[in-house]
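Student: Protein chains in written order, with the working numbering: chain A, 422 to 702; chain B, 28 to 222.
The beta carbon of each residue, even a glycine, is placed where N, CA and C say it ideally should be.
Every value quoted in this text rests on a predicted model; they were computed, and no experiment measured them.
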């Protein structure tokens, strides 16, 4: 067998191992990663194998099936990675200048941050809404499917060294206060001000398997859909559509899009650079 | 603009770091409008720099130049540019995929991540090009492309603004095709142009 054919054969076997692993995880623990985008999943599964200390993907199967604690420790590999506050500052500026005025017309506003990971985006949103004077009218739902990650988001504790980037982003997004007003520093960590959490509900919700839990005015789901294959993206986008009030807004990541034909006539393009859409049906 | 299809190659992946914009532009501006193989480019960018280079490439090229978006379908006659601060990957079905996973060797986009995904998606139907740069990103990825029977090209380190990256790639893939920028463009047309 040539080296190339052998390489190809190894790759085919690895594909089988990955499929079996995802099937095992789904049947044992209920998490369904089977429709995640293949290239990303391959990377994450290999990373998991390295973390657990096995040579072959297939060896992960018995380890994870029989060791629930181990699974609990590594399942976070599949969750949305850590991000920064006010990531894509021009997007938050757009939110502040063009979406908040609409939200301001409602007596009560419900916002869903789907796939909130460790919470940086939720706190950014809370800060922005507070500065725009409508925070008290808002209920923010921050959801993700991994409990330990949600707990970290609820704690609101971040490394001090990350604040330099966060502050720069905040200023670029149109923030005018001293960002340090929003957190307390302690050794090498900061903790977000407790008042920012007043109207935030952190809850476990799995975009793959769960349904509509509230009708909201705004859904933020940025850089989460990129990890899903086309079929799963469709499922989730339909979920977002059904979770939005008529006229409600959907904000995706700047390199994602709602180009599927099934959504024509159901969403209008509001802002093509920042991928903000409005439910029109 | 009409472009044919190519049975030999499914994708050309190009990676560069310091000096990369000028180098990629020199190559892409020498490719004819009908170049049938999709070209995917990952360049390291210093943080805070505006991502103007796709526009720069577009002005100097007859090919269509776009910034890559998630799930975009690869087509001939087109150059796809990795957006800043995302990893860019190629999927087997001929679409692009993005991720915001951790940096790999301090880089996001990582050239290795792109090259490896292309090798896994298309095997021997991949052509990889490593250009100027001050680190060693791309060497491992190019080795994987070569291991699967794909075409490996490296900018001659003697002609590179920053020789370290192509030199590292050559150490990993000693049998890579080595040429200056115009030679690389010529080779791409010759091997992948499918005349």
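Please confirm if residue 502 of chain A has its CB atom under 7 Å from at least one CB of chain B.
Tutor: With 7 Å as the cut-off, residue 502 of chain A counts as an interface residue toward chain B.
Student: Of the choices A/606, A/611, A/656, A/477, whose alpha-carbon is the least far from that of residue 628 of chain A?
Tutor: Nearest of A/606, A/611, A/656, A/477 to residue 628 of chain A, Cα basis: A/656.
Student: Tell me where the alpha helix (DSSP H) around residue 153 of chain B begins and ends.
Tutor: Where residue 153 of chain B is concerned, there is no enclosing alpha helix (DSSP H), although the beta strand (DSSP E) it sits in stretches over 153 to 157.
Student: Using a C-beta cutoff of 7 Å, does residue 431 of chain A count as contacting chain B?
Tutor: Taking Cβ atoms only, chain B never reaches closer than 7 Å to residue 431 of chain A, which makes this a no.
Student: With H, G and I counted as helix, E and B as strand and the rest as coil, what does DSSP make of residue 577 of chain A?
Tutor: Coil, per DSSP.
Student: In the structure shown, what three-state DSSP assignment does residue 143 of chain B receive?
Tutor: Residue 143 of chain B: helix per DSSP, three-state reduction.
Student: Could you say which of B/215, B/95, B/134, B/159 lies nearest to residue 197 of chain B if we only look at CA atoms?
Tutor: Selected option, being the one with the closest Cα: B/159.
Student: Quick check: is the beta carbon of residue 118 of chain B nearer than 7 Å to any beta carbon in chain A?
Tutor: Closer than 7 Å: yes.
Student: Can you round the beta-carbon distance between residue 554 of chain A and residue 501 of chain A to whole angstroms, since I take them to be within the 8 Å contact cut?
Tutor: Going by Cβ atoms, the distance from residue 554 of chain A to residue 501 of chain A rounds to 30 Å, so no, they are not a contact pair.
Student: Can you list, in chain order, the residues of its chain whose CB lies under 7 Å from that of residue 570 of chain A, leaving out five sequence neighbours each side?
Tutor: Contacts found: 497, 500, 538, 539.
Student: Looking only at its own chain, which residues have a Cβ that is under 6 Å from the Cβ of residue 195 of chain B, when we skip the five neighbours before and after it?
Tutor: Only 163, 166 meet the Cβ criterion.
Student: Measure from the C-beta of residue 615 of chain A to each C-beta in chain B and report whether the shortest distance is under 7 Å.
Tutor: No, residue 615 of chain A lies away from the interface with chain B (no Cβ there is under 7 Å from its Cβ).
Student: Please list the terminal residues of the continuous alpha helix (DSSP H) segment that includes residue 202 of chain B.
Tutor: Note, residue 202 of chain B: premise wrong, no alpha helix (DSSP H); not H, not E.
Student: Following the continuous beta strand (DSSP E) through residue 127 of chain B, name the residue where it begins and the one where it ends.
Tutor: Segment: none, residue 127 of chain B is in no beta strand (DSSP E) and carries neither H nor E.
Student: Can you give me the start and stop residues for the alpha helix (DSSP H) that residue 80 of chain B sits inside?
Tutor: 80 to 86 is the span of the alpha helix (DSSP H), which, as asked, contains residue 80 of chain B.
Student: So which residues on chain B does residue 676 of chain A lean against when the C-beta distance must stay under 8 Å?
Tutor: By Cβ distance, chain B contributes 94, 95, 96, 97, 110, 113, 125.
Student: If you draw a straight line from the alpha carbon of residue 577 of chain A to that of residue 564 of chain A, how long is it in whole angstroms?
Tutor: Their backbone Cα atoms lie some 14 Å apart in a straight line.
Student: In this structure, what does DSSP give as the bridge partners for residue 189 of chain B?
Tutor: Its beta-bridge partners do not exist; DSSP assigns none.
Student: Pick helix, strand or coil for residue 54 of chain B, following the three-state DSSP scheme.
Tutor: Three-state DSSP puts residue 54 of chain B in a helix.
Student: Would you please verify whether the beta carbon of residue 57 of chain B is less than 7 Å from any beta carbon of chain A?
Tutor: By this cut-off, residue 57 of chain B is not an interface position.
Student: So is residue 82 of chain B buried or exposed if we call it buried at 16+ other beta carbons inside 10 Å?
Tutor: Residue 82 of chain B is exposed by the Cβ-count criterion.
Student: Classify residue 109 of chain B: buried if its beta carbon has 16 or more other beta carbons within 10 angstroms, exposed otherwise.
Tutor: Under this definition residue 109 of chain B is a buried residue.
Student: Rounded to a whole number of angstroms, what is the C-alpha to C-alpha distance between residue 476 of chain A and residue 71 of chain B?
Tutor: Distance between the alpha carbons of residue 476 of chain A and residue 71 of chain B: 31 Å.
Student: Between the region 646 to 666 of chain A and chain B, which residues of the former have a C-beta closer than 8 Å to a C-beta of the latter?
Tutor: Result list: 646, 647, 648, 651, 654.
Student: For the beta strand (DSSP E) that contains residue 42 of chain B, what are its first and last residues?
Tutor: 38 to 43 is the span of the beta strand (DSSP E), which, as asked, contains residue 42 of chain B.
Student: Would you list the residues sitting across from residue 621 of chain A in a DSSP beta bridge?
Tutor: A/561, per the DSSP bridge assignment.
Student: Relative to the C-alpha of residue 447 of chain A, which candidate in A/666, A/552, A/630 has its C-alpha closest?
Tutor: The option with the nearest alpha carbon to residue 447 of chain A is A/630.
Student: CB-CB under 7 Å to residue 642 of chain A, same chain, minus the five flanking residues each way: which ones, in chain order?
Tutor: If we look at residue 642 of chain A and ignore the five residues flanking it on each side, its Cβ neighbours are 535, 536, 661, 673.
Student: Determine the direct distance from the alpha carbon of residue 523 of chain A to that of residue 438 of chain A, and round the result to whole angstroms.
Tutor: Approximately 49 Å, taken between the alpha carbons.
Student: Rounded to whole angstroms, what is the Cα-Cα separation between residue 699 of chain A and residue 433 of chain A?
Tutor: Distance between the alpha carbons of residue 699 of chain A and residue 433 of chain A is about 43 Å.
Student: Around the Cβ of residue 587 of chain A, are there at least 16 other Cβ atoms within 10 angstroms (buried) or fewer (exposed)?
Tutor: By the 10 Å Cβ count, residue 587 of chain A comes out buried.
Student: Just confirm the distance between the C-beta atoms of residue 169 of chain B and residue 200 of chain B, as a whole number of angstroms; I'd bet it's less than 8 Å.
Tutor: Contact flag correct, Cβ pair sits at about 5 Å.
Student: Leaving out five residues before and five after residue 435 of chain A in sequence, what residues of the same chain have Cβ atoms less than 7 Å from its Cβ?
Tutor: Cβ within range, chain order: 478.
Student: Under 7 Å, do residue 91 of chain B and residue 104 of chain B count as touching if we go by C-beta distance?
Tutor: Cβ distance < 7 Å, so residue 91 of chain B and residue 104 of chain B count as in contact.
Student: For residue 572 of chain A, which residues from the same chain have a beta carbon less than 6 Å from its beta carbon, with the 5 sequence-adjacent residues on both sides left out?
Tutor: Result list for residue 572 of chain A: empty, nothing under 6 Å.
Student: For residue 612 of chain A, does the three-state DSSP call read helix, strand or coil?
Tutor: Strand, per DSSP.
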